[in-house]
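To start, the structure under review is shown below, and the notes come after it.
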Amino acid sequence: MLALQAVRTLDTNVVVRLLIGDDPQQTPIAEQAFLEAIAGGGVYLPDVVLAEVAWVLRGYDLDRSTRYQLLERLVRTRGVVVEDIDAVIDALEQFRAGGDLADQLILARATAAGALPVLSFDRRFSASKGVELLSQG
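The numbers in my numbering rise by one with no breaks, and the one at position 46 of the sequence shown is 50.
Set out below in structure tokens:
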């Protein structure tokens, strides 16, 4: 009989502790939880967690390149599962080039769903192919 292995989902605060290591009490707990989850079947990181982590990391005075490297290394870690690795990597590349990760993940999901254009009031985001700027008057 095969033992079923369970994939676990990490919340944003656990991922931040794992990446930054700034809390002497929570960091070792986050590291242990991550390693146990990987050994037990894997870690699932939903898009919303990745977007939140990117946003929270801004508060740590890390430059965009460092934030990109942390996130890119995380999603490429063996045992880490995301919804669509190619779309996430593409969104991360757009993030590295100056885009907002949440916006780029929205665009990736809309593209995959065939639900374009994305309608937005965000001028910067509307520069992305597949995004249409809504007029404000």
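Every residue, glycine too, gets a C-beta built ideally from N, C-alpha and C.
Is DSSP giving residue i helix, strand or coil here?
i: ARG127; result: coil
i: LEU49; result: coil
i: PHE81; result: The sequence shown places Thr at residue 81, rather than the Phe named in the question. It is coil, neither helix nor strand.
i: VAL86; result: coil
i: VAL122; result: strand
i: MET5; result: Note that MET5 scores 34 on pLDDT, short of 50, meaning its location in the model is unreliable; the coordinates nonetheless yield the value given after this. Correct three-state label for MET5: coil.
Am I right that residue i and residue j are in contact with their C-beta atoms under 8 Å? What's the rounded C-beta distance?
i: LEU49; j: VAL20; result: In fact, because the Cβ distance is near 12 Å, the residues do not count as touching under 8 Å.
i: ARG100; j: ARG68; result: 7 Å
i: ARG127; j: LEU120; result: With 8 Å as the limit, ARG127 and LEU120 do not qualify as a contact, their Cβ atoms being about 18 Å apart.
i: LEU54; j: VAL18; result: The Cβ separation is near 13 Å, so there is no contact.
Which residues bound the beta strand (DSSP E) around residue i?
i: VAL135; result: 135 to 137
Check whether the Cβ atoms of residue i and residue j lie closer than 8 Å to each other.
i: PHE129; j: ASP107; result: yes
i: ALA10; j: GLY63; result: no
i: GLU40; j: LEU22; result: no
i: ASP15; j: LEU109; result: no
i: SER132; j: GLY103; result: yes
Start and end of the alpha helix (DSSP H) containing residue i?
i: PRO32; result: 30 to 44
i: VAL18; result: 16 to 24
i: ARG113; result: 105 to 117
Quiz item: Within the chosen definition, does the stretch 57 to 74 reach the stretch 93 to 111 through at least 3 CB pairs nearer than 8 Å?
Solution: yes
Quiz prompt | Segment contact, 8 Å Cβ cut-off, at least three pairs: the stretch 101 to 118 with the stretch 76 to 91 | solution = yes
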